[in-house]
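These notes concern the structure reproduced below.
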Amino acid sequence: MNFIIQAEKIYKTFDKNLVLNNIDLKLEKGSITFLFGPSGSGKSTLLNCISGILGIDSGSIEYKSNQSNRDLSLSSTDFSKIYPAITSVSQNYSLWPHLTNHQNITLSKKIDDKIDFLSFAKDLKIDNILDKYPYECSGGEQQRVAFLRHIALNPKLLILDEVTSALDVEQIEILSNILLKLKKKGMTILIVTHLLSFVRNIGDYFYFMDKGKIIEQGTQSDFRNPKTERLQKFLSLYRIE
2 MNFIIQAEKI YKTFDKNLVL NNIDLKLEKG SITFLFGPSG SGKSTLLNCI SGILGIDSGS
62 IEYKSNQSNR DLSLSSTDFS KIYPAITSVS QNYSLWPHLT NHQNITLSKK IDDKIDFLSF
122 AKDLKIDNIL DKYPYECSGG EQQRVAFLRH IALNPKLLIL DEVTSALDVE QIEILSNILL
182 KLKKKGMTIL IVTHLLSFVR NIGDYFYFMD KGKIIEQGTQ SDFRNPKTER LQKFLSLYRI
242 E
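In this note's numbering, the protein residues as written are 2 to 242.
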């Protein structure tokens, strides 16, 4: 396999509380990988470490650059050198309130001309709100604008934290189709979600976390047939439509 991210033996503490405990994670290039588990299991912290928002206490996170044959250590690299190759969409939309949605999307000087963001805006059904300000839009619309702003950068690795939280069923279906389209173009996608049908429908790989540890990992087939008692119990509590 050709991996874009290889994380090994990651440890992270907050106020002496061990939040990430000996985490190993690999992301295959051009794949969709889901990270899920109970609230407080360390999912968002792990995303923030991979995206460079947080440092790690020990371990290593290696990013395989497409621009060179060498690996870059994300624990020591100046992230301005790899942005926007890795970009993260958080639960906080972080849209500038004094700018229109169009201006928010096109603000970065690193927008990739190969990405037709207006076409994606139509797919996301937000082409009619591009001239509005974020405060004039619903939470779901703001979430889709934030998502499109990151797509426009054409990252090698797109990280999404609860990207479906403000979306309805139809909007999630639209988002799923767009993610599959981006995957087909070679983009690698890592997603934290509580929506397990999302995992089942478009995921290539998954990691199940609990209490700061990776309890189980595998493919789509493994997700449908979990091996550990903990994941079996977790899935039994959810109705996956």
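A virtual CB, placed ideally from N, CA and C, is assigned to each residue, including glycine.
C-beta atoms of residue i and residue j nearer than 8 Å
{"i": "residue 48", "j": "residue 189", "result": "no"}
{"i": "residue 135", "j": "residue 146", "result": "yes"}
{"i": "residue 137", "j": "residue 127", "result": "no"}
{"i": "residue 92", "j": "residue 162", "result": "yes"}
{"i": "residue 231", "j": "residue 211", "result": "yes"}
{"i": "residue 204", "j": "residue 221", "result": "yes"}
{"i": "residue 102", "j": "residue 57", "result": "no"}
{"i": "residue 160", "j": "residue 51", "result": "yes"}
C-alpha distance - residue i paired with residue j, whole-angstrom precision
{"i": "residue 18", "j": "residue 187", "result": "38 Å"}
{"i": "residue 5", "j": "residue 30", "result": "5 Å"}
{"i": "residue 110", "j": "residue 8", "result": "30 Å"}
{"i": "residue 54", "j": "residue 14", "result": "15 Å"}
{"i": "residue 71", "j": "residue 176", "result": "In this predicted model, residue 71 has a pLDDT of only 48, less than 50, meaning its place in the structure is not dependable enough to derive any value."}
{"i": "residue 140", "j": "residue 167", "result": "6 Å"}
{"i": "residue 215", "j": "residue 171", "result": "31 Å"}
{"i": "residue 42", "j": "residue 207", "result": "15 Å"}
{"i": "residue 89", "j": "residue 144", "result": "13 Å"}
{"i": "residue 179", "j": "residue 202", "result": "13 Å"}
{"i": "residue 185", "j": "residue 213", "result": "32 Å"}
{"i": "residue 223", "j": "residue 235", "result": "14 Å"}
{"i": "residue 227", "j": "residue 97", "result": "43 Å"}
{"i": "residue 85", "j": "residue 112", "result": "9 Å"}
{"i": "residue 133", "j": "residue 59", "result": "45 Å"}
Integer-rounded CB distance, given that residue j should sit under 8 Å from residue i
{"i": "residue 152", "j": "residue 121", "result": "6 Å"}
{"i": "residue 37", "j": "residue 164", "result": "The Cβ separation is near 13 Å, so there is no contact."}
{"i": "residue 62", "j": "residue 158", "result": "That pair is no contact at about 11 Å."}
{"i": "residue 34", "j": "residue 191", "result": "5 Å"}
{"i": "residue 100", "j": "residue 108", "result": "7 Å"}
Cβ neighbours of residue i in the same chain (closer than 7 Å, five flanking residues each side left out)
{"i": "residue 116", "result": "152, 153, 155"}
{"i": "residue 46", "result": "13, 20, 21, 55"}
{"i": "residue 16", "result": "none"}
{"i": "residue 150", "result": "105, 106"}
{"i": "residue 229", "result": "216, 217"}
Close-in-space but distant-in-sequence residues of the same chain around residue i (CB under 6 Å, 5 per side omitted)
{"i": "residue 3", "result": "30"}
Length at least 4, wholly inside the region 124–188: the alpha helix (DSSP H) runs in chain order: 140–152, 170–185
Would you mind listing the alpha helix (DSSP H) stretches within the region 7–75 that are 4+ residues and don't spill past its ends, in chain order? 44–52
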